[in-house]
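Each remark here refers to the structure printed beneath this line.
Protein chains: 2
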Amino acid sequence: MKIVLLGSGNVATHLGTALQEAGHVIIQVWSRDEVHAQQLAALLNTQAVTDFVKIDLHAELYILAVKDDAIGTIASQLPFTDQLLVHTSGAVGMDVLEGVSENYGVIYPLQTFSKSKPLNFKIVPVIVEGNKPEVVEKLLRLAGEISGHTVVMDSEKRKALHVAAVFACNFTNYLYTLSEQILEKEGLDFNLMRPIIMETAEKVQQFSPGQVQTGPGVRNDIETMQRHLDYLKNSPQLHELYQMLSQGIVNFHYKP
Amino acid sequence: MKIVLLGSGNVATHLGTALQEAGHVIIQVWSRDEVHAQQLAALLNTQAVTDFVKIDLHAELYILAVKDDAIGTIASQLPFTDQLLVHTSGAVGMDVLEGVSENYGVIYPLQTFSKSKPLNFKIVPVIVEGNKPEVVEKLLRLAGEISGHTVVMDSEKRKALHVAAVFACNFTNYLYTLSEQILEKEGLDFNLMRPIIMETAEKVQQFSPGQVQTGPGVRNDIETMQRHLDYLKNSPQLHELYQMLSQGIVNFHYKP
């Protein structure tokens, strides 16, 4: 397929790379930011454009991989009629593209992307939605070429999936950040925490997280939790989070 | 070394196995629970005892690997004089063993252990403390035989380290649990979440978590966060956690 990438961020970079590796041709990279457009175009060995009027209208697919709150604004400026246009967001409904083209949909790769870290796209779940059966079919075939895990899902379910991912990924990474803050305050190295972080993630690859919960909360060890809360008494945010999360674990797990 | 294991849970199991693999001899497993004592003794091919009076007093090391709130009670019943006794807890001070023996300390392996999952002990940080320089030296040497990452640390620092681990491991696993709950409610498979969980943990093996934060909070995407909060409006606990954690991410990351 001849594909135009609209966007130059983490998702555009990883998705563009995966599509190219699967044999597709990225004929243009468009971005409002000229430097970013040129960087990604150089990486994909293709042309960079920054004007809407310079976008090639004869590609077979247009992938709009921009920030969620920019999707609607940018889409409305595309001079499309029936070009196949998809966005890549978990949180935004497909209908934001209604009226922009006769053929539209979503390709949402459920992963946390950083430009600086390569990843194996084959194991990334790719969620697909389309406004017509032919669109769904086409997008599903394409998704199957870059990933071994493809699912058709409507916008409502995709939104729920995205909320679940915020808990499992974004909030988790923030807990790592808080953990690092505690260590830094004590002059301790974050390397101490890296193995337990890996093991915690690895465990739930085989088990359900409810089966492998450990720590003071799961055994309702009130003394330890109180000692920890004492330690956190001068950090109101950490104190409150500790209390809420521990109470959640106790409620979920502890059968007196 | 001839070692007696006091306890039969996850830590006793993994630590006993690692010590045996390093060439040490577990001469007894003591546990109040006869079935558990026998199970672990069978695994380690040694003797199980349940009476304090049957504990062999001529071992070179006694490892008390029991629940935090049982350490003091059990230690006080041990008929020791100068036997080398350690506990394995992150949260409990070394001084809980004061008066039980003339030689005591702590060997705290910083990891989340499940009996059902084998792990590579070599990468587990092992934290050591002792009441005398000779004890520290002896425990450090032993720790170095089972792990490539050993650190001497006092009880106060170890407590802080344990709090940091609760955030990075126990609370993280609970977020996985909440994520699974959201998926279950929608009839979606937790397998969808497993790759992003692994990737989130893998990223911070190389980077600082603050460098790789993603999601709506880090870009202060108010619309997406509001859509997510709407979705969670009938789950007060999830709604409150979402708000607190998102606000934390915004405060930490967003520079308007």
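Residue numbers (the working numbering), protein chains in the order written: chain A, 1 to 256; chain B, 1001 to 1256.
For every residue, glycine included, the Cβ atom is placed at its ideal position computed from N, Cα and C.
All values reported here derive from a predicted model rather than from experimental measurement.
Next on the checklist: Between B/T1046 and B/V1029, how many whole angstroms is the CB-CB distance? I'm expecting something under 8 Å.
Outcome noted: Taking 8 Å as the upper bound for CB-CB distance, B/T1046 and B/V1029 are in contact here, some 6 Å apart.
Checklist entry - Is there a Cβ from chain B that is less than 8 Å from the Cβ of A/I71? => result It does not; no Cβ of chain B falls within 8 Å.
Item to check | Residue burial classification, B/Q1111 (beta-carbon count within 10 angstroms, cutoff 16) | outcome: Classification for B/Q1111: buried.
Checklist entry - What does B/Q1205 reach in chain A if we use C-beta pairs closer than 8 Å? => result The answer, in chain order, is R194, I197, M198.
Next on the checklist: So, at 6 Å on beta carbons, what are the nonlocal neighbours of B/A1048 in its own chain, with the 5 sequence-adjacent residues on each side left out?
Outcome noted: Result list for B/A1048: V1029, A1037, Q1038, A1041, in chain order.
Checklist entry - What first and last residue would you give for the beta strand (DSSP E) that runs through B/E1129? => result Run containing B/E1129: 1126–1130, per the beta strand (DSSP E) assignment.
Next on the checklist: Quick check: is the beta carbon of B/K1117 nearer than 8 Å to any beta carbon in chain A?
Outcome noted: Between B/K1117 and chain A, the shortest Cβ-Cβ separation is below 8 Å.
Item to check | Distance between beta carbons of B/N1103 and B/K1132, contact taken as under 8 Å | outcome: Contact between B/K1132 and B/N1103 is confirmed by a C-beta separation of about 7 Å, below the 8 Å threshold.
Item to check | Beta carbon proximity, B/S1208 to chain D, threshold 8 Å | outcome: Given the protein chain composition of this structure (A and B), no chain D is represented.
Checklist entry - Looking at the structure shown, is A/Y62 part of a helix, part of a strand, or coil, going by DSSP? => result DSSP, reduced to helix, strand and coil, places A/Y62 within a strand of the structure shown.
Checklist entry - Cα separation between B/A1018 and B/K1122? => result A direct Cα-to-Cα measurement between B/A1018 and B/K1122 gives close to 9 Å.
Checklist entry - From the DSSP output, which residues share a beta bridge with A/S101? => result BP columns for A/S101 point to A/E98.
Item to check | Assigned secondary structure, A/H14 (DSSP; H/G/I helix, E/B strand, else coil) | outcome: DSSP, read as helix, strand or coil, puts A/H14 in helix.
Checklist entry - A/N125 touches chain B at which residues, Cβ-Cβ below 7 Å? => result The question names Asn, yet the displayed sequence has Pro at residue 125 of chain A. Under the 7 Å cutoff, chain B gives L1192, P1195.
Checklist entry - Are there three or more Cβ pairs, one per stretch, closer than 8 Å when the stretch 132–151 of chain A is compared with the stretch 70–79 of chain A? => result No, they do not touch.
Checklist entry - Which word fits A/A70, buried or exposed, when buried means at least 16 other C-beta atoms lie within 10 angstroms of its C-beta? => result That one is exposed.
Item to check | Local conformation of B/Q1111 per DSSP, three classes | outcome: The answer is coil: DSSP assigns B/Q1111 none of H, G, I, E or B.
Checklist entry - Within this structure, are the beta carbons of A/L139 and A/H14 separated by less than 8 Å? => result No, these two residues do not count as a Cβ contact at 8 Å.
Checklist entry - Using DSSP with H/G/I as helix, E/B as strand and the rest coil, what is B/V1151? => result Strand at B/V1151.
Checklist entry - Just how far apart, CA to CA, sit A/Y231 and A/S179? => result About 14 Å.
Next on the checklist: Is there a Cβ of chain B sitting closer than 8 Å to that of A/H36, yes or no?
Outcome noted: So, not an interface residue.
Checklist entry - Using DSSP with H/G/I as helix, E/B as strand and the rest coil, what is B/L1084? => result In the three-state DSSP reduction, B/L1084 falls in the strand class (E or B).
Checklist entry - Which residues in chain A sit within 7 Å of B/Y1176, going by Cβ to Cβ distance? => result Here the neighbours are A168, V204, P209.
Checklist entry - Just curious, the alpha helix (DSSP H) that B/Q1206 is in, first and last residue? => result Here the alpha helix (DSSP H) through B/Q1206 covers 1194–1206.
Item to check | 8 Å Cβ cutoff met for A/I107 and A/A59 | outcome: Annotated as distal: A/I107 and A/A59, with beta-carbon spacing of 8 Å or more.
Item to check | Where B/L1044 falls: helix, strand or coil (DSSP) | outcome: Judged by DSSP in its simplified three-state form, B/L1044 adopts coil rather than helix or strand.
Checklist entry - Where do the ends of the alpha helix (DSSP H) carrying A/Q28 lie? => result Here A/Q28 belongs to no alpha helix (DSSP H); instead the beta strand (DSSP E) covers 25–30.
Item to check | B/D1221 classed as buried or exposed, judged by whether at least 16 other C-beta atoms fall within 10 angstroms | outcome: So B/D1221 counts as buried.
Next on the checklist: For a test of the three-state rule: what should DSSP assign to B/L1006, helix, strand or coil?
Outcome noted: Three-state result, B/L1006: strand.
Checklist entry - Alpha carbon to alpha carbon, what distance is there between B/D1154 and B/G1072? => result Going by the C-alpha atoms only, they are around 18 Å apart.
Next on the checklist: Can you tell me whether B/E1199 is buried or exposed? The criterion is at least 16 other CB atoms within 10 Å of its CB, across all chains shown.
Outcome noted: Around the beta-carbon of B/E1199, 16 or more other beta-carbon atoms lie within 10 Å, marking it buried.
Item to check | Coil, strand or helix - A/V49 by DSSP | outcome: The three-state secondary structure of A/V49, taken from DSSP, is strand.
Item to check | Where A/V163 sits in the DSSP three-state scheme | outcome: In the three-state scheme derived from DSSP, where H, G and I count as helix and E and B as strand, A/V163 is classed as helix.
Next on the checklist: Excluding the 5 residues flanking B/M1193 on each side, which residues of the same chain have their C-beta closer than 8 Å to its C-beta?
Outcome noted: Closer than 8 Å at the Cβ level, and outside the excluded window around B/M1193, lie Y1176, S1179, E1180, L1183.
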